[in-house]
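Plus 77 on top of the position in the sequence shown (first one is 1) and you've got this note's numbering. Step one of this worksheet: look at the structure below.
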Amino acid sequence: MFASSNLLLIPTMLTPLDADEALATFRYIIELLIGENLAIPAAILRQRVPANRLNSSERLISEMLSTLPLADTPMHERDAFAAMKDRGMLHLNLRNAAANSSMRLTLRNLEAAMEDLRSLGKFVSSTVEH
Numbered sequence: 078m079f080a081s082s083n084l085l086l087i088p089t090m091l092t093p094l095d096a097d098e099a100l101a102t103f104r105y106i107i108e109l110l111i112g113e114n115l116a117i118p119a120a121i122l123r124q125r126v127p128a129n130r131l132n133s134s135e136r137l138i139s140e141m142l143s144t145l146p147l148a149d150t151p152m153h154e155r156d157a158f159a160a161m162k163d164r165g166m167l168h169l170n171l172r173n174a175a176a177n178s179s180m181r182l183t184l185r186n187l188e189a190a191m192e193d194l195r196s197l198g199k200f201v202s203s204t205v206e207h
């Protein structure tokens, strides 16, 4: 099932229901890997994390998840990600916004989202290389 994978990312938001499902999925994956005698890295990917402060519930879930392997940086909740369904691919939006001086604020938001993706890419690359 996982034999062709180099890395397994389990996405979760910082909500009790989502975290419970991520934990169950993580456990299931680990049991399968052990049963198949496979050594494939797995990590939790925190998604839609507030860019500012976490509320107390999110902070508790984040602390609980910190005991597991995590992607280096979370994917923050950003309008740029939410709007991809309507606006299309992020890198194309970034290029269009850069060409339009009236979209400076949008450009900054798109650049922040792209930096999140670059960080995730670096994590994936460094994990797969080891």
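Glycine included, every Cβ here is placed at the ideal spot set by N, Cα and C.
For residue i, the nearest candidate out of the options (CA to CA)
i    : options             : result
Q124 : M166, L109 and M152 : M152
E135 : S203, D95 and T204  : D95
F103 : L85, E113 and M90   : L85
S133 : K199, P118 and P93  : P93
V126 : A189, L145 and M90  : M90
Simplified DSSP state of residue i, which is helix, strand or coil
i    : result
P88  : strand
H207 : coil
G165 : coil
Residues near residue i in its chain [Cβ-Cβ closer than 7 angstroms; skip 5 each side]
i    : result
R164 : N170
V201 : L84
D156 : N186
Contact set for residue i: own chain, Cβ-Cβ below 6 angstroms, skip 5 residues either direction
i   : result
P88 : L122 and Q124
Just to confirm the assignment: which complete alpha helix (DSSP H) runs, minimum length 4, are found wholly within the stretch 81-160?
93-112, 133-142 and 156-159
Whether or not the stretch 178-191 and the stretch 135-151 are in contact is what I'm after, with contact meaning three or more pairs of Cβ atoms, one per stretch, closer than 8 angstroms; do they touch?
no
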